[in-house]
Amino acid sequence: TLFLTISLGSKMKTKTVLFVCGHNSIRSPMAEAIYNQLARRSRAVSAGIDPSGSVKTQALAVLSRHSISGQRLHAKRLTNEMLSSADNVIFLTRHHEGFAAPDAEEWDVELPETEEGYEKLFSSLRKKITELVKKVEGS
């Protein structure tokens with residue numbers, strides 16, 4: 128008996144989740160890193176409406192404490208092309224005037240001000256993103 132295995136994986140488009148916040152320096156890059164650590168068949172990117180230029184060291188530190196690398200994270204400006212090419216868009220800020228995406232979600236995520244605040248943000252994002260990964264990847 129001859130068995131033929133066909134892999135559709137290489138022909139299927141990898142789903143992309145776009146996380147957006149104001150400056151792409153804390154919330155959205157943390158979400159990107161957490162998502163990419165948890166996901167197996169999809170990926171996340173992040174951007175800011177008015178990027179600050181760099182990811183805050185406190186955000187990188189909390190990721191590192193949870194064994195997530197933030198090495199490749201850098202602040203990026205949101206574009207309409209990013210919005211249109213993403214399969215899922217999550218706004219982590221209420222202030223996204225001028226930018227819209229069909230079926231975008233808005234998560235009410237506050238900016239942290241203390242080390243404890245960064246830890247709370249991490250826990251909140253990880254919980255929401257765990258559910259999002261299941262939804263996006265269908266598991």
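My numbering puts the first residue of the sequence shown at 128, with every later residue one more than the last.
Glycine residues also receive a C-beta, built at the ideal position from the N, C-alpha and C atoms.
None of these values were measured; they are calculated from a predicted model.
Integer Cβ distance of residue i from residue j, believed to fall under 8 angstroms
i, j, result
"Val260", "Ala166", "5 angstroms"
"Gly197", "Leu187", "4 angstroms"
Assigned exposure category for residue i - 16 Cβ within 10 Å defines buried
i, result
"Pro229", "exposed"
"Gly225", "exposed"
"Lys262", "exposed"
"Arg199", "exposed"
Straight-line Cα distance separating residue j from residue i
i, j, result
"Gly244", "Leu145", "23 angstroms"
"Asp214", "Ala158", "16 angstroms"
"Glu258", "Gly265", "10 angstroms"
"Ile133", "Lys142", "Below a pLDDT of 50, predicted positions are generally treated as unreliable, and Ile133, at 44, falls in that range; the measurement from the model is reported next regardless. Taking the straight line from one Cα to the other gives about 20 angstroms."
"Cys148", "Arg168", "24 angstroms"
"Trp234", "Phe249", "14 angstroms"
Residue i vs residue j beta-carbon contact at 8 angstroms
i, j, result
"Ser181", "Ser152", "yes"
Cutoff 7 angstroms; reference residue i; Cβ partners in own chain excluding five residues on either side
i, result
"Phe130", "Caution applies to Phe130, whose pLDDT of 44 falls short of 50 and renders its modelled position unreliable; the model cannot decide the point."
"Pro178", "His150, Asn151, Ala202, Lys203 and Arg204"
Spatial neighbours of residue i in its chain, beta-carbon cut-off 6 angstroms, leaving aside the 5 residues before and after
i, result
"Arg253", "Ile161"
Same chain, Cβ closer than 8 angstroms to residue i, five either side skipped, listed in chain order
i, result
"His222", "Gly149 and Ile176"
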